[in-house]
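Chemist:
Numbering (my numbering), first residue to last: 2 to 637.
(1) On the criterion of 16 or more Cβ atoms from any shown chain inside 10 Å, does residue 442 qualify as buried, or is it exposed?
(2) Pull up the distance between the alpha-carbon of residue 128 and that of residue 28, whole angstroms please.
(3) For residue 427, which of helix, strand or coil comes out of DSSP?
(4) For a test of the three-state rule: what should DSSP assign to residue 618, helix, strand or coil?
(5) Look at the alpha carbon of residue 454 and the alpha carbon of residue 469, and state the distance between them as a whole number of angstroms.
(6) In the DSSP assignment, what are the bridge partners of residue 441?
(7) Taking three-plus beta-carbon pairs below 8 Å as touching, is the segment 245 to 264 in contact with the segment 278 to 290?
(8) Mark residue 462 as exposed unless 16 or more other C-beta atoms lie within 10 angstroms of its C-beta, in which case mark it buried.
(9) Any idea which residues DSSP pairs residue 382 with across the strands?
(10) Would residue 108 and residue 134 be called neighbours here (beta carbons separated by less than 8 Å)?
(11) Does the beta-carbon of residue 594 have 16 or more other beta-carbons within 10 angstroms, so that it is buried, or is it exposed?
(12) Taking a contact to mean a Cβ-Cβ separation below 8 Å, would you say residue 118 touches residue 26 in this structure?
(13) Run through DSSP, which three-state label would residue 638 get?
(14) Would residue 415 pass as a contact of residue 424 if the rule is Cβ separation under 8 Å?
(15) Using 10 angstroms around the beta-carbon of residue 180, count the other beta-carbons present and answer buried if the total reaches 16, otherwise exposed.
(16) Assuming residue 524 and residue 542 are in contact, meaning their beta carbons sit under 8 Å apart, how far apart are those beta carbons, in whole angstroms?
(17) Please classify residue 615: is it buried, with 16 or more other beta-carbons within 10 angstroms of its beta-carbon, or exposed?
(18) What separation, rounded to the nearest whole angstrom, lies between the Cα atoms of residue 228 and residue 219?
(19) In three-state terms, what does DSSP make of residue 420?
(20) Considering only residues of the segment 264 to 295, which uninterrupted beta strand (DSSP E) runs meet the minimum length of 3 residues and lie entirely inside it, listed in chain order?
(21) Could you pull out every residue in the same chain whose Cβ sits closer than 8 Å to the Cβ of residue 429, ignoring the five residues on either side in sequence?
(22) Going residue by residue through the segment 196 to 263, where are the continuous alpha helix (DSSP H) segments of at least 4 residues, counting only ones entirely within it?
(23) Could I get the ranges of all uninterrupted alpha helix (DSSP H) runs contained in the segment 524 to 599, with 4 residues as the minimum, in chain order?
(24) Nearest-angstrom Cα distance between residue 451 and residue 291?
(25) For residue 106, count the other beta carbons within 10 Å of its own beta carbon; 16 or more makes it buried, fewer makes it exposed. Which is it?
(26) Quick one: what does DSSP say residue 450 is sitting in, helix, strand or coil?
(27) What did DSSP end up calling residue 465 once you bin it into helix, strand or coil?
(28) Going by alpha carbons, who is nearest to residue 293 out of 261, 245 and 402?
(29) Measuring CB atoms only, is the segment 542 to 561 touching the segment 256 to 273, in the sense that at least three cross pairs come out at less than 8 Å?
(30) My understanding is that residue 194 touches residue 168, with C-beta atoms under 8 Å, so please give their C-beta distance in whole angstroms.
(31) Quick one: residues in its chain with C-beta nearer than 6 Å to the C-beta of residue 376, no 5 flanking neighbours on either side, listed in chain order?
(32) Should residue 99 and residue 396 be called a contact, given that it needs their Cβ atoms to be closer than 8 Å?
(33) Which class does residue 400 belong to by DSSP, given the choice of helix, strand or coil?
(34) To which residues of the same chain is residue 389 closer than 6 Å at the C-beta, ignoring the five residues directly before and after it?
(35) Taking three-plus beta-carbon pairs below 8 Å as touching, is the segment 205 to 220 in contact with the segment 230 to 244?
(36) Buried or exposed: residue 437, going by 16 or more other Cβ atoms within 10 Å of its Cβ?
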């Protein structure tokens with residue numbers, strides 16, 4: 002933060018006294034570089050999340066785009082139309098607004114300085130901004146755009162670029178090629194760059210280049226040479242006590258090796274045959290590991306949870322727009338009484354009581370203008386985009402840089418003795434032999450954990466430690482912790498995959514049945530399929546139609562309310578979740594009272610009371626049960 006303030010003051014001072022434009026532009030380059038390093042520090046690590054290829058990869062990218070349109074709108078003011086290209090969309094995965102702001106500010110200063118340096122600076126100064134901007138795209142994860150810009154820089158002659166600067170650009174281009182699955186193109190670039198970096202004694206860039214060369218060699222089949230380069234890079238970082246970089250290279254070695262082994266045809270042995278064991282031995286030779294924690298703003302994390310919970314309700318409203326049902330459910334006794342002569346012993350004074358129960362009248366009505374649903378759906382989408390944009394801009398405007406700097410320095414350290422978690426403001430340490438229980442609590446959409454909703458916890462007789470999925474190389478970290486704890490320690494598995502669960506199948510079947518009812522009613526409101534009784538029952542499809550919405554409401558309640566509170570109950574983390582659930586339930590109850598219990602969904606309208614009841618009871622039980630040593634650990 003102090004560096005940002007100093008460079009900003011220098012740039013402004015230069016403008017005030019009308020100093021040379023070149024000096025001001027170079028100050029802007031330094032300011033942009035500071036923002037770029039700040040973004041790297043806040044993000045915590047340079048790990049590239051694997052993005053699936055083919056059709057599934059396109060579906061993932063489209064999902065990232067749809068859920069990040071407000072962020073794309075914001076970034077387009079700084080990065081231009083590039084952010085709307087499908088190749089950029091994977092970059093949006095787990096990108097926090099605050100980190101995006103730091104990248105955007107860095108790009109702004111680079112782009113502002115570029116035309117000035119091209120006009121007034123030397124030949125070498127004229128390409129500085131282009132190189133920094135290419136490095137920014139590479140750091141963000143947009144390897145395709147970075148490759149294009151690095152390749153354009155290499156087209157300059159040697160007098161403009163210089164031997165050393167050309168070697169640095171070659172390393173950047175090689176990394177971009179590896180990220181877009183072109184390792185063969187990266188090999189010759191790295192082989193040319195490393196000798197030049199040795200001449201200029203740039204040990205940091207040389208070590209980075211050797212790690213990239215090892216990755217490219219492994220991916221192209223030269224496994225033995227690749228393992229040697231990886232081992233050299235890890236040993237160099239360890240000797241310099243750069244444990245973050247050493248950990249990143251060691252974990253990448255195991256990830257690339259596993260990817261290489263998985264790509265081999267079934268029954269084909271790798272070369273060498275013990276490739277996996279060698280890679281594992283090199284990686285495990287690192288005596289100390291440091292894992293950085295990615296910065297996530299708490300307001301944005303809470304907003305994403307809220308959107309995920311409300312999204313299924315939007316499906317309910319969409320179906321209600323298409324098909325409406327008005328039903329009169331009654332329980333009315335039909336009693337007949339007739340007085341008889343007192344002397345007639347054969348007569349009875351009280352006739353048999355008869356009761357009727359069920360849907361006495363039901364009308365399945367189609368909206369007279371089905372297109373009326375379109376404006377409402379567009380309004381819902383526009384409202385979401387607008388509100389999301391406002392939340393993001395609000396967080397950016399009211400989050401000082403010093404707050405980010407305090408929050409982004411958290412680290413997780415592993416060594417032979419135990420695990421340490423924390424930052425300069427305080428750390429927590431737990432030795433392996435003291436661990437009595439491991440709690441695994443990952444929530445996945447399919448296979449990959451959701452960072453804001455996943456974590457694991459370690460317990461001893463006197464302490465508890467929780468590590469979130471925002472930590473770099475989280476799956477590998479959890480596996481290492483699980484292997485390090487004592488064999489006698491209890492392992493409690495609360496992992497849950499939403500897409501691969503039985504509830505997901507039930508939710509999908511429920512949704513398909515509702516769509517079938519809507520389509521049938523649209524074809525023929527008096528269709529026998531709607532009004533005929535099911536075999537061996539007295540119910541018709543129209544009778545149970547209102548209750549089909551129960552699955553669309555109850556199942557998301559399990560995913561968004563009960564499961565998070567269950568995990569909180571075991572881990573004792575994020576205590577405010579329970580209080581937020583109670584507040585939301587009370588607000589919904591107050592809305593019902595203000596509307597005089599007017600139906601909001603179907604008739605009978607059981608869903609708002611159901612939501613209130615589930616949220617209140619679950620949150621209350623969570624608050625009641627979470628105690629450590631008889632003391633509540635919640636913070637109100």
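Beta carbons are placed, not taken as given, at the ideal position from N, Cα and C, and that holds for glycine.
Modeler: Taking the definition as stated:
(1) What you label residue 442 is simply residue 441 of the chain shown in a count that begins at 1. With a 10 Å radius around the Cβ and a threshold of 16 neighbouring Cβ atoms, residue 442 comes out buried.
(2) As a position in the chain shown, residue 128 is number 127, starting the count at 1. As a position in the chain shown, residue 28 is number 27, starting the count at 1. Going from the Cα of residue 128 to the Cα of residue 28 covers about 15 Å.
(3) The sequence position of residue 427 within the chain shown is 426, counting from 1. In the structure shown, residue 427 sits in a strand (DSSP, three-state: E or B).
(4) In the chain shown, the residue the question calls residue 618 occupies position 617. The three-state secondary structure of residue 618, taken from DSSP, is helix.
(5) Within the chain shown, numbered from 1, the residue matching residue 454 stands at position 453. Within the chain shown, numbered from 1, the residue matching residue 469 stands at position 468. C-alpha separation (whole angstroms): 8 Å.
(6) Taking the chain shown and counting its residues from 1, one reaches residue 441 at position 440. Partner(s): 457 and 494.
(7) yes
(8) Stepping through the chain shown from its first residue, residue 462 is reached at position 461. It counts as exposed.
(9) In the chain shown, residue 382 corresponds to position 381, counting from 1. DSSP output for residue 382 lists no bridge partner at all.
(10) Here residue 108 corresponds to residue number 107 of the chain shown, with the count starting at 1. Here residue 134 corresponds to residue number 133 of the chain shown, with the count starting at 1. Yes.
(11) On the chain shown, residue 594 is found 593 positions in, with the first residue counted as 1. By the neighbour-count rule (16 or more Cβ atoms within 10 Å), residue 594 is not buried but exposed.
(12) Counting from 1 along the chain shown, the entry for residue 118 is found at position 117. Counting from 1 along the chain shown, the entry for residue 26 is found at position 25. Yes. Within cutoff.
(13) Because the chain spans 2 through 637 in this model, residue 638 falls outside it and cannot be assessed.
(14) The residue given as residue 415 occupies position 414 in the chain shown. The residue given as residue 424 occupies position 423 in the chain shown. It is not a contact, given that the beta carbons lie outside the stated cut-off.
(15) The residue you call residue 180 lines up with position 179 of the chain shown. It counts as buried.
(16) Numbered from its first residue, the chain shown carries residue 524 at position 523. Numbered from its first residue, the chain shown carries residue 542 at position 541. Actually they are not in contact, since the Cβ atoms of residue 524 and residue 542 sit about 14 Å apart, beyond 8 Å.
(17) Counting from one through the chain shown, the residue named residue 615 turns up at place 614. Answer is buried; the Cβ neighbour count reaches 16.
(18) One-based indexing of the chain shown puts residue 228 at position 227. One-based indexing of the chain shown puts residue 219 at position 218. Whole-angstrom Cα-Cα distance: 7 Å.
(19) Sequence index remark: in the chain shown, residue 420 carries index 419 (1-based). Strand, per DSSP.
(20) 290 to 293
(21) Within the chain shown, residue 429 is the residue found at index 428, counting from 1. Excluding sequence neighbours, residue 429 sits near 421, 422, 423, 464 and 466.
(22) If one requires a minimum length of 4 residues, the alpha helix (DSSP H) runs lying completely within the segment 196 to 263 are 204 to 220 and 224 to 240, in chain order.
(23) 529 to 532, 542 to 558, 564 to 572 and 577 to 595
(24) Counted from its first residue, the chain shown places residue 451 at position 450. Counted from its first residue, the chain shown places residue 291 at position 290. The alpha-carbon atoms of residue 451 and residue 291 are separated by roughly 22 Å.
(25) For the purposes of this step, residue 106 is taken as the residue at position 105 of the chain shown. It is buried - the Cβ of residue 106 has at least 16 other Cβ atoms within 10 Å.
(26) Numbered from 1 along the chain shown, position 449 holds the residue referred to as residue 450. It is a strand residue.
(27) Numbered from 1 along the chain shown, position 464 holds the residue referred to as residue 465. In this structure, residue 465 counts as strand in the three-state DSSP scheme.
(28) In the chain shown, counting from the first residue as 1, residue 293 sits at position 292. The residue with the shortest Cα to Cα distance from residue 293 is 245.
(29) no
(30) Counted from its first residue, the chain shown places residue 194 at position 193. Counted from its first residue, the chain shown places residue 168 at position 167. Correct: roughly 4 Å between the Cβ atoms.
(31) On the chain shown, position 375 is the one that residue 376 refers to. Cβ neighbours of residue 376 beyond the five flanking positions: none.
(32) Working through the chain shown from its first residue, we reach residue 99 at position 98. Working through the chain shown from its first residue, we reach residue 396 at position 395. A contact, by the Cβ cut-off of 8 Å.
(33) Locating residue 400 in the chain shown gives position 399, counting from the first residue. Per DSSP, reduced to three states, the secondary structure at residue 400 is coil, with no helix or strand assignment.
(34) Numbered from 1 along the chain shown, position 388 holds the residue referred to as residue 389. So the qualifying residues of the chain are 71.
(35) Contact holds between the segment 205 to 220 and the segment 230 to 244, because three or more Cβ pairs, one in each stretch, are under 8 Å apart.
(36) Here residue 437 refers to the residue found at position 436 of the chain shown. When all chains shown are included, residue 437 counts as exposed.
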